[in-house]
Amino acid sequence: MTGAAGFPQTNGASQRDSGSRGVLVAARLTHELTLSPRPIPALNSPELWAQGEATDHMILTRYNLANGGWATPQLVPYGPLSLMPTAAALHYATECFEGMKLYRGVDGRIRLFRPEHNAMRMRQSAARVSLPDFPAEQLVELIAALAAVDAPRWLPKDRPGTYLYVRPTMIATQPSLAMKKASEALLYIILVCFPDFDQPTGSLGPPAQGGKVRRPGLRLLASGKDMVRAWPGGFGNCKVGANYGPSIIASAAAAQQGFDQILWLLGGEEWVTEAGACNFFAVVKPKGGLGRTQLLTAPLGSGVVLPGVTRTSVLETVSETLPNELDVVERNFSIHELMDAASDGRLVECFVCGTAFFITPVGEISYEGRAIRVPVGDERGRSGNLVERLRERLSAIMQGDIEHPWAYVVEEGEVSTP
Ligand code: PLP
Numbered sequence: 002m003t004g005a006a007g008f009p010q011t012n013g014a015s016q017r018d019s020g021s022r023g024v025l026v027a028a029r030l031t032h033e034l035t036l037s038p039r040p041i042p043a044l045n046s047p048e049l050w051a052q053g054e055a056t057d058h059m060i061l062t063r064y065n066l067a068n069g070g071w072a073t074p075q076l077v078p079y080g081p082l083s084l085m086p087t088a089a090a091l092h093y094a095t096e097c098f099e100g101m102k103l104y105r106g107v108d109g110r111i112r113l114f115r116p117e118h119n120a121m122r123m124r125q126s127a128a129r130v131s132l133p134d135f136p137a138e139q140l141v142e143l144i145a146a147l148a149a150v151d152a153p154r155w156l157p158k159d160r161p162g163t164y165l166y167v168r169p170t171m172i173a174t175q176p177s178l179a180m181k182k183a184s185e186a187l188l189y190i191i192l193v194c195f196p197d198f199d200q201p202t203g204s205l206g207p208p209a210q211g212g213k214v215r216r217p218g219l220r221l222l223a224s225g226k227d228m229v230r231a232w233p234g235g236f237g238n239c240k241v242g243a244n245y246g247p248s249i250i251a252s253a254a255a256a257q258q259g260f261d262q263i264l265w266l267l268g269g270e271e272w273v274t275e276a277g278a279c280n281f282f283a284v285v286k287p288k289g290g291l292g293r294t295q296l297l298t299a300p301l302g303s304g305v306v307l308p309g310v311t312r313t314s315v316l317e318t319v320s321e322t323l324p325n326e327l328d329v330v331e332r333n334f335s336i337h338e339l340m341d342a343a344s345d346g347r348l349v350e351c352f353v354c355g356t357a358f359f360i361t362p363v364g365e366i367s368y369e370g371r372a373i374r375v376p377v378g379d380e381r382g383r384s385g386n387l388v389e390r391l392r393e394r395l396s397a398i399m400q401g402d403i404e405h406p407w408a409y410v411v412e413e414g415e416v417s418t419p
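Quick note on the numbering used here: the sequence shown kicks off at 2 and runs consecutively.
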């Protein structure tokens, strides 16, 4: 499918070009193409693992309340931004971002996966930190416009299965230390070269830099009582930088002890919320063998858990394609419930899911020095049943093996200037 269907009406600019000043309109995008294309990092190179190499171009669009809102978006050569040291985002974390992948499919075409969900989530994140609103479908069109220009060189047709990471970002730029709603902002989109994190037995870094080989399934370290990622009424459900910087200390300490990610627990009950930058799922058989096996994940609603696009897709896929096998249950469950299930042999499988790590089995959870062993499949780390089936189904959609409305096909090389 080309184009994003099913957008709810946003802030009055759902037409392609409403003609009104101050509204973000992707169709007005101007193009200034680079005269010096950037070097492309080799596959699995240290530059790729550094996650800092962007493609040749970026899209910038500025918001200024005094000038009536959004200015004309511009596609320009990738390069530094200029900000005043007083720019609000640098002081008050008034910034938000998104993350999705641009896939080169088996049929040579490029696709985004449900980008309208990312765009809607970015509007919610922006609202939470007092950044300006924009029409979600216009953001998706801008992403597609950048992909159309840079994909032919950066995601070559002869490399099906590769991807670029799409990072739309918004920052408050007004030069003022006053703590106020953003009166000026910059919304920009970049495409960044990423390594393949989705390798259950692969290297966790460039081999030349000592990347180690992972055993089957991820090893998660449950967070201690002294640190919490998000709390009810907070902003854990938004993709704002303020959620991520403060969690680095815990994930770095976990990595030093040989764990892959932190499993974030919450409150005295020690509810299981998320794992690193992923949502967490557990497949648990009922006590006493009565009832159906449950697919458990933490609920949305209290503002603690990020509404992951992969999470939604997992829940919908299981409900639609396996309605008679599992009960899909979004509810609070604690680490103690998981430990009980593991000791009774009722813990069938656990996995994390998200854009970067896709759907990856969990092999062990460490809680207060005790190891909860989670069954995983073969030595390649491919577990059970459900993980494998979900991976196959969703990657077939992302890679164009099957036609599906969740895939948004981008037509390449359509550079048009208004
Ligand atoms: N949870 C957190 C905290 C994240 O940062 C992410 C990644 O965006 C996810 C979950 C997974 O979300 P998605 O599936 O949209 O990538």
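Glycine is no exception: its CB is placed at the ideal position from the N, C-alpha and C atoms.
- Message: With the cut-off set at 8 Å, would you say E33 and P78 are in Cβ contact?
- Response: yes
- Query: On the three-pair Cβ rule with 8 Å, is the segment 288-302 touching the segment 389-408?
  - Reply: no
- Message: Mapping the DSSP letters down to three states, classify R347 as helix, strand or coil.
- Response: coil
- Message: Quick check on the burial criterion: 16 or more other C-beta atoms within 10 angstroms. Buried or exposed for T95?
- Response: buried
- Give a yes or no on whether the C-beta atoms belonging to L339 and A283 are separated by under 8 Å. yes
- CB contact flag (Q139, A27, <8 Å): yes
- Query: Quick one: is the Cβ of T274 within less than 7 Å of any heavy atom of the ligand PLP?
  - Reply: no
- Message: Considering just the uninterrupted stretch of the beta strand (DSSP E) at W272, what are its terminal residues?
- Response: W272 to A276
- Query: Going by alpha carbons, who is nearest to T163 out of A127, I111 and R63?
  - Reply: I111
- Query: What separation, rounded to the nearest whole angstrom, lies between the Cα atoms of S131 and K102?
  - Reply: 26 Å
- Near G414, which residues of its chain fall below 7 Å by C-beta distance, leaving aside the five closest residues on each side in sequence? A149 and P153
- Task: Would you list the one or two residues that DSSP bridges to Y368?
- Result: R371
- Cβ-heavy atom distance between R312 and the ligand SAH below 7 Å? In terms of ligand content, the structure shown lacks the ligand SAH and carries the ligand PLP instead.
- To the nearest angstrom, report how far apart V319 and N325 are at their CA atoms. 10 Å
- Hey, how far is the Cα of E99 from the Cα of D328? 30 Å
- Message: Just to confirm, is the Cβ distance from C354 to C279 under 8 Å?
- Response: yes
- Cβ shell of R312 (< 7 Å), same chain only, five flanking positions each side left out: N280, T298 and C354
- Message: Assuming V375 and G218 are in contact, meaning their beta carbons sit under 8 Å apart, how far apart are those beta carbons, in whole angstroms?
- Response: 7 Å
- Query: If we ignore side chains and look at the alpha-carbon of each, how far apart do A397 and A127 end up?
  - Reply: 32 Å
- Task: Given a cut-off of 8 Å, decide if I366 and V388 are closer than it, judged by their beta-carbon atoms.
- Result: no
- Message: Residues in the same chain with beta-carbon distance under 7 Å from I336, minus the five sequence neighbours each way, listed in chain order, please.
- Response: A223, L266, E271, V273 and Y368
- Close-in-space but distant-in-sequence residues of the same chain around R115 (CB under 6 Å, 5 per side omitted): V310 and W407
- Task: State the DSSP-derived secondary structure class of G70, mapped to helix, strand or coil.
- Result: strand
- Item | Residues near R443 in its chain [Cβ-Cβ closer than 6 Å; skip 5 each side] | As displayed, the chain neither begins before 2 nor continues past 419, which places residue 443 out of reach and without an answer.
- In terms of residues, what are the limits of the beta strand (DSSP E) holding M1? In this structure the chain extends from 2 to 419, so residue 1 is not present and cannot be described.
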